[in-house]
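Notes follow the structure.
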Amino acid sequence: MYRIEQIYDAELKDKYTKFQAVPDSELQQHEEYQRNLETFLEEWNEAGIAKLARHVVHRKATLSFLESRLRVKEDGKYHLENAVHRIIFPLKTTSDDVPYDRMNLWIIDEKLAYHQYLASDLELRSMDGSGVHTDSPSRPDLAIFNAPSAFVDGGPPFGSVVLVEFKRPTRNDYDSEENPIIQLYDYVREIKAGSKKDHHGRPINVAQHTPFYGYIVCDITSKLRMQAENAQLTETPDSNGYFGYNSNVGIYIEVISFDKLVGDAGQRNRFLFDTLGLPGA
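For the sequence shown, the numbering used here gives the first residue as 616, with consecutive numbering after it.
Quick look at the structure:
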């Protein structure tokens, strides 16, 4: 079926190229051309609708699979955070290695798909594609570097940085060394302490005003709630998360519960799910 679809798509693209090559002066002169164009547009639209439907079904199935990873296993234990992480993005890879259709960043935020460089479960010192040079062995779950809004000679290597940390479902044993909020603060400091190089190979310091955004995806357990309050984060109205900005470190943080993560992603796609009549939509 995949090979048939590829052949069909190639035929449609060939037809499209031929239609594009017809001079404007001839567009309205031939009834046969008009009939062929109408037929082509019907086929093109049907093919597009089929691809969109497949895309929507994939999203619904991905959310259902993610929900299954959050439930307790038969042995009474929960999956590790890696089980959640790899659904969002494969581990030990970068955006240079992973095709778009294997990224499920939309579950966290649709905008994350439009990045310049992403590293998943890799040490900061190995993220050469980010443009930052640091000796830090720290390993964020996801480090996402977005392109600057304007390219200026000697300007910043990126416009903003997004850091994501996943935690094991129901985890409640965070100590002072594994406080996920402090982890994000440390990542920001280490990245800012790094440097970049210009096109002449000369070092340039990372701008201290570079915007940083952090997501902590976890269950809101009592220990996590205490750490969020100690960091003076604000509880969301639905009590399923926290948010706040640390002006000293320079990072905006969102703590998102797994239930909120799945629920919000489902709501954002609700219209598409309902349109296709998917079960449980």
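Every residue gets a Cβ at the ideal spot worked out from N, C-alpha and C, and that includes glycine.
Length of the line joining the Cα atoms of residue i and residue j
| i | j | result |
| --- | --- | --- |
| Q847 | A668 | 43 Å |
| N697 | E738 | 16 Å |
| M841 | F781 | 18 Å |
| E879 | F680 | First, the residue type needs correcting, since residue 879 is Asp and not Glu in the sequence shown. Roughly 16 Å between the two C-alpha positions. |
| E793 | Y729 | 30 Å |
| L891 | L678 | 16 Å |
| F760 | S745 | 6 Å |
| A897 | E725 | Given that the chain is displayed from residue 616 to residue 896, the structure contains no residue 897 and the question cannot be resolved. |
| R684 | H694 | 6 Å |
| W721 | A808 | 30 Å |
| R686 | A822 | 42 Å |
| D690 | R783 | 16 Å |
| S741 | V779 | 17 Å |
| K838 | E850 | 14 Å |
| Q731 | G856 | 28 Å |
| A758 | R701 | 14 Å |
| G770 | N787 | With a pLDDT of 47 at G770, under the threshold of 50, the modelled position of this residue cannot be trusted; read the value that follows with caution. Approximately 42 Å between the Cα atoms of the pair. |
| N861 | R754 | 21 Å |
| H824 | A762 | 15 Å |
| G774 | F827 | 9 Å |
| D853 | T785 | 18 Å |
| D874 | G881 | 11 Å |
| D790 | C833 | 15 Å |
| I703 | M718 | 6 Å |
| T749 | D716 | 31 Å |
| D736 | K692 | 23 Å |
| H673 | K688 | 24 Å |
| S902 | E844 | Shown here, the chain extends from 616 to 896; a query on residue 902 therefore has no answer. |
| F766 | I806 | Legend: pLDDT at F766 = 43, less than 50; position of this residue unreliable, no value from coordinates given. |
| L706 | P714 | 14 Å |
| D801 | L893 | 43 Å |
| V699 | T708 | 15 Å |
Helix, strand or coil at residue i [DSSP, three-state]
| i | result |
| --- | --- |
| F680 | helix |
| T836 | coil |
| A734 | strand |
| L757 | strand |
| H748 | strand |
| N794 | coil |
| Y693 | coil |
| D801 | helix |
| K675 | helix |
| D724 | coil |
| R669 | helix |
| G892 | coil |
| N845 | helix |
| V687 | coil |
| R740 | helix |
| K807 | helix |
| Y715 | helix |
| D879 | helix |
| A698 | helix |
| R783 | coil |
Cβ separation of residue i and residue j, assumed to be a contact under 8 Å, to the nearest whole Å
| i | j | result |
| --- | --- | --- |
| V803 | V864 | 5 Å |
| N831 | P795 | Correcting the residue identity first, residue 831 is Ile in this sequence and not Asn. Contact holds; Cβ gap of about 5 Å. |
| V877 | E682 | 6 Å |
| V747 | F888 | With a Cβ gap of about 39 Å, V747 and F888 do not count as contacting. |
| I866 | F858 | The Cβ separation is near 12 Å, so there is no contact. |
| S710 | L733 | 4 Å |
Counterpart residues of residue i in DSSP-defined beta bridges
| i | result |
| --- | --- |
| Y828 | V777 and Y867 |
| Y857 | E850 and V870 |
| T708 | S735 |
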